Structures are given as C-alpha cells and as structure tokens.
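Chains as they are written, first to last, in the numbering used here: chain A, 4 to 307; chain B, 152 to 466; chain C, -8 to 574.
These notes are about the structure you will find just below.
So this is what it looks like as structure tokens:
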C-alpha cells in the first residue's frame, strides 16, 4: 500500500504511511502533545453534550416562543432564538446529536465493513479478491460526494440514510488499506510459518492480522471522521439530510440563509460550530496518526 | 509506453461499464420519476404522464433501456434529457465551461497558495511561519466550503448590497461580469483545495529533506535554497501531483454545493437538478463522465510520474 | 411640476375610465353578460396606450403601496430589456399536456388567447383580483344564440410570429378550430372543463362552438392563461407543442434553457400596433427567496417578488432600495391556497369533530405575528372567493383558536390520545416553520401527536395530483384553472379524478353543478355561497396563515400593475407588452 493509493482510496487528502506501531510509546507521546489533547477534550466535550443534550439544553429544541423571533444572543437565550422563537443553543445541542451520531456511526460502520471486506478479499485472494477489488474500483471512481448524493436521493432523505451513504462511500478506501495490510502481514515469515504449521485461517486472522491492522484502521477512521461531519452537514444543507423537527447543523445553516438580515447569528453560529468541530476532529486525527504512524513520529508533526 | 496507455485505456472500460450500471440501478431506485417531477403543482395529467413515460421508453424492460443507453453512450451520444427534452450533450457542453472555469481557477488559486506555503513551511520547520501555515492548512480542511460560501454571500448582501451576477457569462465577451461571478466561488473552493495540497507539500518536502541524497548534497556544501529548488521540489512534487489529481472528485463534489450557493449553472448544478428531477439520463451521463475524467486523470498522473521520475518504468 | 401635470391628467383619465367602466361586467356574471360586455373600441388593432393606464387610486381593499406609489409617465418609450427572475424548471412547453404554472410562465409572452382579462393597467379601477373580459384574438365578445352555442369572430390582420415552421402566416378561424379540438382531446380538458361537441368554421372569420352541455364558464376558460391559440404546423412537425412555442403574441421566445434562462425578443409583427414597447425580456432562473431578494436589491432585476416577507426582510429591501416601488397585496393573490386537509373517507378526516378540533387547536394568529412581525398577514380561507364576495367572509368556527373547545370535541369523538399523520413538502421555509409550529401547539394544547412527514416535493405533488394522499397533507392546492368554479369542480366534485381528499358530499356536488351550469348570476352567487359554507363548515380543508405577496419594481419600469387572471402562477408575468422602461 503506497501513500498514493491511500489518498486515492480515501478521496481525501492525507498522507498515510502504512507501518504499524506500538501503543505504549504512543501514550507517552500523547502526553507530550497538547494540541492533540486539547482536540480530544473538545471532541469528548461535544460527544458528551450530544449525549446529554436532554439535560444540558435550557429549553426544548422544538418549543416555539411567540414574540421571540430571531432574537440575538442574550442572557435568556445564550445563542439567541430562531425564526420560530426556538432556542438556538438547545437546537445546536440536539443538532450535535444528529451530526455526531451520523458521522461517528457512519465512520464506524464504513470502516468496519471496509475492513471486513478488505480482509476477506486479501486473505482469500483469487477470483473473489479480483471481483471485490473491481467493484471497489467502480465505486471509487465516482466522486464521493456525488455518490453520497445519489444514494441519499435513492433511499430517501433522512439522517439514517445519510449515515448509510457516508458509510458506503468510505468502504472502498478502507477495504483497500485493509487488503494491503493483510497481504503485507501474510507475506511475513512468521505468519507463513504459522499457516504452514497448520494454524487455522481464523487463528491467523485473529493472532496476526487484526492486531496489525488496528492501527491502520484507527488512522483511517480518525481521518475520515472530519470528512464525514462535513458530508453530513453538506447534505443537510442541501435539504437531503435530517428532516424537521430534527435539528441538524447543516440544516440550521441553510435556514439561516433565509433570515440573515434579521438574524445573522443564524448564519454564524452553525458556521462556527461546524468548523470548530471539524477542526478539533481533524487535529485529533492528525495526532492519532502521528502517534500511531512511526514514519511521521520522528518529525515535528506530533507537536502541532 | 503506447502499449501501456492502450492497456490502461482498456482497463478503464469495465470500470466505466460498472459505474454506468451502478448508477443506472441506483437511479431507477429513486422514488418517483421524471414525469412525476413535471407534475409539480398539478402540471401534468396522469394520462399525459403515462404517455410521456411510454414515449420515453421507461416502460420497457430495464436491460433493454440500459443497453440502448450504453450503445449510444459509446458513440458519445448521451441522449435526450427526460426532463427538458434537451440533448444532454448540449446541456453538458453549455455547463462544462462554467465548471471548468471554476475548477481551473480554484486549482490555480489552490496551488498558487499551497506549494509556496508548503515548501517554505517545511524549509523553516518549527518556525512561526510554519505553525501559521499549518494552522491555515488544518483550518482550510476544517471549514467546509459551503460554510464560507454562505457567510460570504450573506454578508456581502448584508453589508454591501451586492450579489454575484447570475446567468451565464463569457470570459471573453463580458470579462468584468465574469470576474464578478467567479471571484468568490473560486477563492472559496481554491482555499479548501489548497489546504490539503499544502499539507501534502509540506510533509513530502520534509520527507525528501531527510533523504540521504539531500544530506549528501548539503555535505557537499550546497546551500539549502538551491537544494530545495533543484532536488527537493522535483522529488516532492510527485505525491503532490497525485493528490491534486485525485482532488478532481473533490472539486466536482464542491462544485455541486458552491454552484448551488452562488447560482452558477455548471455541471454541479445540472447534477443536483437532475437528482431532484429524477432525470436518469442526465445522472447516468454525469456519473459516467466523472468516472471517465477520474480514470483519465489517474492515467495522466501515472504518465507524468514516469516523466518526472525516470526511475519509474511503466510496464 | 411634471408630477402635478401627470396627476391632473390621471384624474381626468380616471373619470373617463370610470364612466366607461360601468359597461364592464364582473366575472360572476360572465356567463350571462358576455354579449353585453364587448368593448367595441378594443376591436381595432390600435394600442390603448398610456391613456388606458389606470392610476393606482382609488384603492381596492388589501392593496397598499408600502413605498413609492408609482406615478406614470405620459409617453411610453420604446426599447430596453426587462430582467426578472423566474422559476424556469418547465420541462415541456406544451400548454395542453402541462398545466403547470412553470410551463405557463415560459410560454405566456409568446401566445395570445381568444379573450383575455384586462391588464391591471387597463382597468378603470385597478383590481388585481378581478377578471374583466375583453376580446384578444377574437374580434369581439361572442354571440351566444342558444345555451352552449357560441359564435366567435376572429380578429382580422393577425399574423403568427415569423418563426419556422409557421413563418408568419395569417391567423384564421381554422386555427381556432384546431386549437379547441386539440385541447378537447386531452382527457383533463375534454371531460370536465371543455366538453366540446363540435367546432365549425362557418365563415372565413367565424367559428361556431357547440358544447355537449351548457357550461357557463366557456369564455372565462378561453381567457385562461393556459388556453392559448396554437399553430397546427408545430404539432405537425413535432407531434406536440413541447419543444417550440410559436404564437401570435407580443414576444418571440428566442432562447429557453430549462433550469437556466429564457430570453424573448419583441415580435415586430404584433397585431397591436406599437406594442410591445420593450425590445425583449430576459428571465434568470429563480433559485430561492433569499437569492431573488438579493438580486432585486442589487438592481439585477427590474421586478422583485416575495411571498410572506417578515417585517425585517422588508426593511432590508426598503433600506437598500429606497427608489423601488413596493406593492403589498395583503390578501387574495389567490393563484394558490396553502391548506391542510385529511382524507374524508378515513379517520380522522371522516369525523368532522376531529378535523375541527385539529383546526381549532393551534393559533394561526400567533404564528402570523411571530413570522410576519408587524407586517399584515392573512388566513385566507379554503378557497378563492374574491370574485364572489365583496368583503372577506367569516371563516367560521373551525378557524377560531380555542383549545378548550377543541379538547371537548376530541373527547366527544372518544379520541383523547389522537395520533395523526400527514405529508408535506418544502414549498418554503415558512411553510416548514408553520408545520413545526402546528405540531408543537397541537401537542401542548391538545395532546395530539402530529406525525408530519416532510416528503420530497416530487413525491408530494404526485400524491396530490393523482389523488393518492395516504392520510392527510399540508401544502399547496393549485387552483388551476384560475377561474374558481372551474378549479373547484375539478378538485372537489365527487366524480373528479383529482378529488384528492375523496370528498363525497351530495350537497357539495349539487352546489358545484349549479355553480358551473346556471346562467343566472344570482343563482351562481348563491351556489358559490353554498359551496363555501360546506367547505368552511364541514371543514374539509382549512387554510394556514399566509403572509402578503409583495411586488417591488424599479422606478425605471412603468405601467406595470399585476392582475392575477393574466398571470400563470402569481408571479406577475403579465402585460409585459404593456410596460415600458426608462433607459
């Protein structure tokens, strides 16, 4: 697996070196990595506020308040109100639920499915491998966002379908990386020896391949996460994602477009939240990669 | 070499067939059809709709529909839009210059920002400039282009009562209007585009700087700057080039949403409308073409690899 | 000073027009009064010119100039290209196959009709909701020798546009025969609204139209935006009118790209001498409310339009365009009705108590105040009524917000834990907001769970058009054709295939039958009242709160006064042959 293939596979823009690494050293590095730690805190904070949106939100996200149309931020409503007098902070908190659920689950499912497919394809090889890889070629040659758009249109607009679309889009890249890892590990002498001495396929996979692949998959997932959040927000922005009354960040931004004269906060609040979230996730992804990827580890990349 | 190109072109065929089949299948799964889309606001009577379906051949078996489409597509005839009865070739031809201009400007802007930034950042690794440009890199990756687009268009209207001109303008006939139309969308797309290229440039330059031959060159007394220009860039450009090539998909995806925000009527807008209108024929054409462009660019990249790095032999 | 002179002039004109206006028949009496309402001085091919321009005063209820009431200039100027944003998604240009306003938007400037409603600026007292008939391609108003038989004379000297394959030949009685027969062949027109028995060309310039049964709405139908005169050459060449629009009208369609733009140039051989004044029209595609508003502010369009603007949005526009004319039409721009309804043949729609409770359980006034701020808004009622009632009718008990009464109705029906489903589409953010508001209020006020499913606009309109709504819907009823009795019979008569909510009500059928066949104006009026009473009393469909429609235009545009009977979809595309531009 070359870096070129990886970045092609993902359709994103990262340079990923494929060698595995050890955890213990990485943890020490994490302590030396304040930016990564900060991003981790931000991401965890976002996750927690999404999980506990019900407890944290000062108002119901759907409760309308007549007479409070598009009020700017105030003590009563920290982030102001929207066109129906709903509390924007509460909606952003519930929106985090939608955005993060969709992006984390889609990345999880996409990575897992890609990994399984790649593992099967790489381990068994032969015609199965050939067919699977050609199918992946096909999927990968359609621009990811366009493909997600068509899938969502085909399945119908809902946040669950956006989740499926993002997961599907992630599969080919992940499966490629996984396949490469499998091939690499299989060719190592000790694995060949284990196979030759009669270890079962499952055993080889569990003992030798999975541990080697976990780092790769983590790197891929952390890199894909930012993209998943962006795709989710973009699809919602275009009206293809979460449907009302479900709040979603992209949707809120789209709504803000129509009321920016009176309620500019309706534009900039979702803008900032989406950007900061993706920023934190990307920097976390960078750190994860730095920690797990020995090739970059020596460099200053870890200190960002 | 020629043999290699022919082989690669032949390998593209099954992929393109696969893409068109996949999109064909997906498009037919879309609920409703184009003639239903036309009856928005009680436009078409059910009889007229059925008649149109019949005329358009949508009542025939799916394999027949696919084969007929593919047969024409091979001859580069993408048929007639189900929705507006216009030749798909014609509407693509009309829309293509817009997206091309957007993509070209965005890539130029992107590369013009990214490569110097990435190289300088790597050369002065750890300097404040390095940190700043790396922050820019992460920021560019993290702020989605539709967010900047929305902010831009809202605040331009709010503060300056200005909106970019709509409709189709020509660079040659109405250059000023054309600039007004493209300046913001291409800056925004270019900035997102530059982020990833910059990061890639920086990390590959760093990688090359650690290579033995650079050390040798420095040991021989060459100053850092000539080394950079003469040796490093040439070697570092390869992966950057690859990345730029693979970003065509990114540009196309970006153009769907940026064209939507800035009311440009390019391929992105056509695609979005086609999906909304269930215009199977157009969706198939766009997806197949996108796949073709993608595969073609990959081929070009591989060829340029060989050209830039004589050690790589194509077989 | 110039202004004073104008004003005096307008007052004089106005008096003259008012006197003449006495001869103009209202729509309610259209069926009967046709013979009497011919404006003979209009049969000559001369422009009525600026002299026919009505002043915006005296005002009809519901119209307000919120900024810069327009003055008019004495002399119309030739030249200039009008720019406007328009929904240009129309896939086919065929007026017979598609009655969509988006199709009509595109072809309206190209064609003429046999009769037409007067343009806003031609009316003695401008009323955007009034249909005042006058001949267009007919030479005069028709004779009606016996019920269901109409003798129509064709205006001499009219030529088709000089575009192949029609190439500028003369318009004849044969064209009328061809057109009417073509329309009658379509199931939608033929069975219900144009039951044609035969069309005979009895003289080179005369056709006699015989209907299978008397219909009192034939002439308003022939003045409908969608019943335009079509050339047989196009049908012969293309099979239908979906690709080319060639008419006798003031503008030639020079370029149309669905979803992008449309361009028209002036028809040099237009049968009204000197018209149109402007050289052409350019339509840009209308993307969304915000973009269109921004484009008007940036002076890219001569005309801007907005539905349901809140006070804050309106303020932005007037701050940025202090020079613009802004017209607010507070009510009854009734090209459409936003409604909520449930199927009458199953629960909850089959129980009038439940439907009433659902309507009474949420506060339309509160929503209106929230959304529109200090701008006025309306609850229009379930159907266009402007031609039938002089003032806003009482919408009845179902529209009175009263959670206690609504709860009582629910428990009377034994449904204290009601769950209802309906579908809606994103016609506008405002409508989506309103549905969220309704949902929230019904939950808190009545404990009713409203499962409002936002569906794709395509899926939604199919369901509505094919009468296959599952349970209920919130959205737009296209009141097409524009003339209310015609669309009412299509939508609510038990025999109609477009009866979306499966209303089967003998009283309603009887009222609609009487409304569309009676030739006595008083009986028609009574029938409309009966129909109205059923629609609000039962209540099969209820309306939601709607903001006013705004038209705003550049001070460079003159003589532009919208009238809905000349407009395909409430967009104010009309009488562009009548407007002129300053350079």
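Beta carbons: idealized from backbone N, C-alpha and C, even for Gly.
Remember, it's a predicted structure, so these values are computed and weren't measured experimentally.
Asked                                                                                                                                                                               : Found
Let's see if you can read the secondary structure: which residues bound the beta strand (DSSP E) around residue 242 (chain C)?                                                      : 242 to 248
Is the Cβ of residue 287 (chain B) closer than 8 Å to any Cβ of chain A?                                                                                                            : no
Are the CB atoms of residue 412 (chain B) and residue 301 (chain B) within a distance shorter than 8 Å?                                                                             : yes
Which residues in the same chain have their Cβ closer than 6 Å to the Cβ of residue 113 (chain A), if we skip the five residues on either side of it in sequence?                   : 170, 173 and 174
Would residue 426 (chain B) pass as a contact of residue 153 (chain A) if the rule is Cβ separation under 8 Å?                                                                      : yes
In the region 165 to 180 of chain A, which residues sit with their C-beta less than 8 Å from some C-beta in chain B, listed in chain order?                                         : none
Looking at chain C, which residues of the region 37 to 66 of chain A have a Cβ within less than 8 Å of any of its Cβ atoms?                                                         : 65 and 66
Across which residues does DSSP place residue 90 (chain A) in a beta bridge pair?                                                                                                   : A:84
So what's residue 76 (chain C) in DSSP terms, helix, strand or just coil?                                                                                                           : strand
I'd like the list of long-range same chain contacts for residue 265 (chain A), defined as Cβ closer than 6 Å, with 5 residues on each side in sequence excluded.                    : 73
Report the neighbours of residue 422 (chain B) on chain A: residues whose CB is nearer than 8 Å to its CB, in chain order.                                                          : 149 and 152
Taking the alpha carbon of residue 79 (chain A) as the reference point, which residue from A:86, A:92 and A:87 has its own alpha carbon closest?                                    : A:92
Excluding sequence positions up to five away, which residues of its chain have a Cβ less than 6 Å from the Cβ of residue 498 (chain C)?                                             : 525
Just to make sure I have the definition right: I need the residues of chain C whose C-beta is within less than 9 Å of the C-beta of residue 265 (chain A). Which are they?          : 301, 302, 303, 304, 306, 307 and 364
What is the rounded straight-line gap between the Cα of residue 305 (chain B) and the Cα of residue 263 (chain A)?                                                                  : 6 Å
Check the Cβ-Cβ distances between residue 87 (chain A) and every residue of chain C, and say whether any is below 8 Å.                                                              : yes
For chain C, check one thing: does any of its Cβ atoms lie closer than 8 Å to the Cβ of residue 235 (chain B)?                                                                      : yes
Identify each residue in the region 265 to 297 of chain C for which the Cβ-Cβ distance to at least one residue of chain A is less than 8 Å, and report them in chain order.         : 279, 280 and 281
Nearest chain B C-beta to residue 509 (chain C) closer than 8 Å, yes or no?                                                                                                         : no
Which one of A:82, A:229, A:44 and A:241 has the shortest CA to CA distance from residue 61 (chain A)?                                                                              : A:82
In terms of residue numbering, what span does the alpha helix (DSSP H) encompassing residue 342 (chain C) cover?                                                                    : Where residue 342 (chain C) is concerned, there is no enclosing alpha helix (DSSP H), given that its DSSP letter is neither H nor E.
Closest to residue 225 (chain A) by CA distance: which of A:48, A:52 and A:106 is it?                                                                                               : A:106
With burial defined as no fewer than 16 other Cβ atoms inside 10 Å of the residue's Cβ, what is the status of residue 214 (chain A): buried or exposed?                             : exposed
Please classify residue 214 (chain C): does DSSP put it in a helix, a strand, or coil?                                                                                              : coil
By how many angstroms is the C-alpha of residue 446 (chain C) removed from the C-alpha of residue 245 (chain A)?                                                                    : 12 Å
Under 8 Å, with one C-beta from each stretch per pair, do the region 269 to 279 of chain C and the region 72 to 85 of chain C reach the 3-pair mark?                                : yes
Mind listing which residues of the region 224 to 240 of chain C have their C-beta closer than 8 Å to chain B's C-betas, in chain order?                                             : 233 and 234
Spatial neighbours of residue 484 (chain C) within its chain, please: CB distance less than 7 Å, with the 5 preceding and 5 following residues excluded, ordered by chain position. : 490, 500 and 503
Contact criterion: CB-CB distance below 8 Å. Does residue 229 (chain A) meet it with respect to chain F?                                                                            : Among the chains of the structure shown, chain F does not appear; the protein chains present are A, B and C.
Around the Cβ of residue 191 (chain B), are there at least 16 other Cβ atoms within 10 angstroms (buried) or fewer (exposed)?                                                       : In this prediction, residue 191 (chain B) scores a pLDDT of 47, lower than 50, which makes its location untrustworthy; the coordinate-derived value is nonetheless stated afterwards. When all chains shown are included, residue 191 (chain B) counts as buried.
Please list, in chain order, all residues of the same chain as residue 193 (chain C) whose beta carbon is under 6 Å from its beta carbon, the five residues on each side excluded.  : 199
For a contact defined as C-beta to C-beta under 7 Å, what are the partners of residue 3 (chain A) on chain B?                                                                       : Not covered by the structure: residue 3 (chain A). The range shown for chain A is 4 to 307.
Verify the CB distance criterion: does residue 191 (chain B) have a CB-CB separation below 8 Å to chain C?                                                                          : Reliability fails at residue 191 (chain B), whose pLDDT of 47 lies under 50, so the model's placement of it is uncertain and the value that follows must be treated cautiously. Chain C contact via Cβ: present.
So which residues of chain C does residue 314 (chain B) contact, with C-beta pairs closer than 8 Å?                                                                                 : 282, 285, 286, 288, 289 and 291
Identify the residues that DSSP records as bridge partners of residue 320 (chain C): which are they?                                                                                : C:54 and C:540
Pull up the distance between the alpha-carbon of residue 282 (chain A) and that of residue 331 (chain C), whole angstroms please.                                                   : 44 Å
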